[in-house]
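Using numbering that gives the first Met the number 0, the letters of the sequence shown correspond one by one to residues 0 to 581.
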Amino acid sequence: MASSGENKLPCLDSLPVEILYRILDHLDGHSIILSFRYVCKKFAAVTNTYNRYKLDFTSISKTDCHVICRAIKPENVIDLTISDGDMTPGQISLFLSLVTIDRYIKLRSLTLLDIDDEHLQRLLPHITGSRLLTSLSIKFRGTESAVTSAQASATISQATLQRLEFDMRSSAMSQIRWPTNFTLHYLKITECTFEQFCVILDHSPNLRTLVFRTGISDSIHETILKSYPQLTSLSFNDAGIFKPVGELKSILSITPSLKYLKVIVLISSECLLDGSEWESIIGTYLPRLNRFEFCFSLPNITNYNSLDLQSRMARYRTPFWIETKRWNVVWNVVCTFDPTMHRILVYSTPMCLISYSFISRYRKKAISIPVTITNFKTDLDIVSTISMTATTEQQSISSNYDWFENVTDLTVHIDGLNLPDPFDLFPQSVDPSLIVKLSLPILCYARSIRNTITNVVSLLERVYNVRSLSIFYRRSRNCPMVDIYRIYAVLPPRITHLTIEIMSVDDMEMLFERLVYLTSFTFVLSVHTKSFTAYIEWLRDNITDFTHVIDGNRIYVWLGNYRKKRKEFIVGSKRMKLSQNS
Numbered sequence: 000m001a002s003s004g005e006n007k008l009p010c011l012d013s014l015p016v017e018i019l020y021r022i023l024d025h026l027d028g029h030s031i032i033l034s035f036r037y038v039c040k041k042f043a044a045v046t047n048t049y050n051r052y053k054l055d056f057t058s059i060s061k062t063d064c065h066v067i068c069r070a071i072k073p074e075n076v077i078d079l080t081i082s083d084g085d086m087t088p089g090q091i092s093l094f095l096s097l098v099t100i101d102r103y104i105k106l107r108s109l110t111l112l113d114i115d116d117e118h119l120q121r122l123l124p125h126i127t128g129s130r131l132l133t134s135l136s137i138k139f140r141g142t143e144s145a146v147t148s149a150q151a152s153a154t155i156s157q158a159t160l161q162r163l164e165f166d167m168r169s170s171a172m173s174q175i176r177w178p179t180n181f182t183l184h185y186l187k188i189t190e191c192t193f194e195q196f197c198v199i200l201d202h203s204p205n206l207r208t209l210v211f212r213t214g215i216s217d218s219i220h221e222t223i224l225k226s227y228p229q230l231t232s233l234s235f236n237d238a239g240i241f242k243p244v245g246e247l248k249s250i251l252s253i254t255p256s257l258k259y260l261k262v263i264v265l266i267s268s269e270c271l272l273d274g275s276e277w278e279s280i281i282g283t284y285l286p287r288l289n290r291f292e293f294c295f296s297l298p299n300i301t302n303y304n305s306l307d308l309q310s311r312m313a314r315y316r317t318p319f320w321i322e323t324k325r326w327n328v329v330w331n332v333v334c335t336f337d338p339t340m341h342r343i344l345v346y347s348t349p350m351c352l353i354s355y356s357f358i359s360r361y362r363k364k365a366i367s368i369p370v371t372i373t374n375f376k377t378d379l380d381i382v383s384t385i386s387m388t389a390t391t392e393q394q395s396i397s398s399n400y401d402w403f404e405n406v407t408d409l410t411v412h413i414d415g416l417n418l419p420d421p422f423d424l425f426p427q428s429v430d431p432s433l434i435v436k437l438s439l440p441i442l443c444y445a446r447s448i449r450n451t452i453t454n455v456v457s458l459l460e461r462v463y464n465v466r467s468l469s470i471f472y473r474r475s476r477n478c479p480m481v482d483i484y485r486i487y488a489v490l491p492p493r494i495t496h497l498t499i500e501i502m503s504v505d506d507m508e509m510l511f512e513r514l515v516y517l518t519s520f521t522f523v524l525s526v527h528t529k530s531f532t533a534y535i536e537w538l539r540d541n542i543t544d545f546t547h548v549i550d551g552n553r554i555y556v557w558l559g560n561y562r563k564k565r566k567e568f569i570v571g572s573k574r575m576k577l578s579q580n581s
């Protein structure tokens, strides 16, 4: 009979170092340094010698950034993401002050988000010449200069680079000198002209995937006789108001090897909705296409009738779509009280759209609540928009939606002019427990402010897992602020990022007493306040560690440790206690 010792399972700390390294390959740097490292002395030693760190600082606290930068040797990092975004303002400058960038000699992937021209010019010389860098992503916060474009040309000429994401407009793209026999396999850019499109393909014999954030920025008047068979995947993620279908044919006619095509056009022409036209285009120019993702929105459909719609829908039910390609297409008619705002939404499933905002007009006795949905999972079968409507007589809610089962990011626009009380602002098809990012633009009026705030409070009480919250309210001149303060008392206490308008330093102190887990915030200056001087002074008196950036009427603050001073605050004539569990 085996002894109890023989049946004992091995402990994690008894595993060979090589196995522990493999485990760490599946953890982010934040978890390794702040959790795994402190389990035991052996794990601490393993984290010191581990040399495949992947660091993503896009949503980290300032304190944790300090800890991680000091704990990890730069030469042990292979993947780095730093950001000056709203949640981490001033991070890039801080990062450069904490580390010696020349020591990051083993970087394979570098992502620079919301970087300004000055910092990029400082970083690019250190990137150029790297023999290991295979992936580079740059998103600008402002406008890039000619000097930056010239330096970028040298950087992207590196022989090892295989993946490049560049947030540049076509005017800046014209200054980029694309190297001959570019090694890129994947390229993502904002936009370019048709001529630049051809230049890129001419110089990139290995390019397989090309992604546009918008699309081709100019009109296409020329005919290109040459084709580019190397490209197998092409995406237009937000083509806006698309050019005539003939220009789309010009693009597709020179890329005959496409296996994947994605086109999103939120203000479409009628021809883009024509299934017969697409059947002809694909049959003529794209014989190898096996995956086609699209979303087209046609506004102002007051002249359409049900027979017109049935006829157009039938063009997506031919053997080509159903049997040959097996592509499923959904037609939605999105209706509001205002007939001029009706629109058709046509899309392939699963839905490829990651953000859709429907803004309706308001009538005297009716309000609409437009909703923006983002961050669906790729396995979601059907995703559309939500348009909920109610009247002052509180008639039944009319809605037009599909099920957003996996929504994590939600925007609800609220017009409080005629909002009944009570009224459920939350979309029926969204699970409130899954929402981690919420944005609430609110129009407040004196005569209905209490109803509006009551409804907002009810909504906030349901989204208890929210981590990022943005509230924008526009008030009529005589709208009392005391009612708006009721929102402060029900803010989900575990919020880590907040964007909100503040009227005074007292507002700031109220929010800090409530939200003890904040790592960053954006305060929007009230129209009645002329400067941020008093706010900066309060931060310096009360916050032990922070960086800030002022941009127009906004102050972006990234927090380190801070100390709390009060446990209660005054709302009107009442003293309110702010419990962390409320």
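Beta carbons: idealized from backbone N, C-alpha and C, even for Gly.
Nearest neighbour of Ala488 by Cα position, chosen from Ile281, Val456, Asn464, turns out to be Val456. The secondary-structure analysis by DSSP pairs Thr62 with nothing; it has no beta-bridge partner.
In the DSSP assignment, Cys443 forms a beta bridge with Arg474. If you look at His29, you'll find it in the alpha helix (DSSP H) that goes 28-33.
In the structure shown, the three-state DSSP call for Asn331 is strand.
Proximity to Leu132 across Pro124, Leu112, Leu106, Leu111 peaks at Leu106, based on C-alpha coordinates. Pro124 is classed as exposed because its beta carbon has fewer than 16 other beta carbons within 10 Å across all chains shown.
For the set Thr283, Thr154, Thr80, Pro255, the Cα lying nearest the Cα of Arg207 is the one of Pro255. Fewer than three pairs of CB atoms, one per stretch, sit closer than 8 Å, so the stretch 311-318 makes no contact with the stretch 248-262. Less than 8 Å divides the Cβ of Phe139 from the Cβ of Asp166.
When the five nearest sequence neighbours on each side are left out, the beta carbons in the same chain lying within less than 7 Å of the beta carbon of Gly214 are those of Glu190, Phe235, Ala238, in order along the chain. Trp557 and Thr87 do touch by the CB rule: their CB atoms are close to 5 Å apart, below 8 Å.
Within the stretch 207-282, the complete beta strand (DSSP E) runs of at least 3 residues fall at 208-211, 232-235, 259-264. Taken through DSSP and simplified to helix, strand or coil, Thr48 comes out as helix. Counting every other CB atom within 10 Å of its CB across the protein chains shown gives Pro15 a total below 16, marking it as exposed. In summary, Ile321 is exposed, with fewer than 16 beta-carbon neighbours lying within 10 Å of its beta-carbon over all protein chains present. Taking each of Lys225, Glu512, Val504 in turn and checking the Cα distance to Ser530, the smallest one comes out for Val504. Taking C-alpha positions only, Arg21 is separated from Ser173 by approximately 44 Å. Residue nearest to Ile250 within the set Val435, Cys443, Asp101, Ser216 is Ser216 (criterion: CA-CA distance). Asp78 places its beta carbon less than 8 Å from that of Ser108. Following the DSSP letters along the chain, one finds Leu458 inside the alpha helix (DSSP H) bounded by residues 448-461.
Within 10 angstroms of the beta-carbon of Gln150 lie 16 or more other beta-carbons, which makes it buried. In the structure shown, Thr323 adopts helical secondary structure according to DSSP, grouped into three states. Between Arg287 and Leu257 a beta carbon distance of about 7 Å is seen, short of the 8 Å cut, so the two are scored as contacting. Under a 10 Å Cβ-count criterion, Val332 is classified as exposed, with fewer than 16 other Cβ atoms of the shown protein chains found around its own Cβ. In the structure shown, the three-state DSSP call for Ile499 is strand. For Arg140, the three-state secondary structure derived from DSSP is coil.
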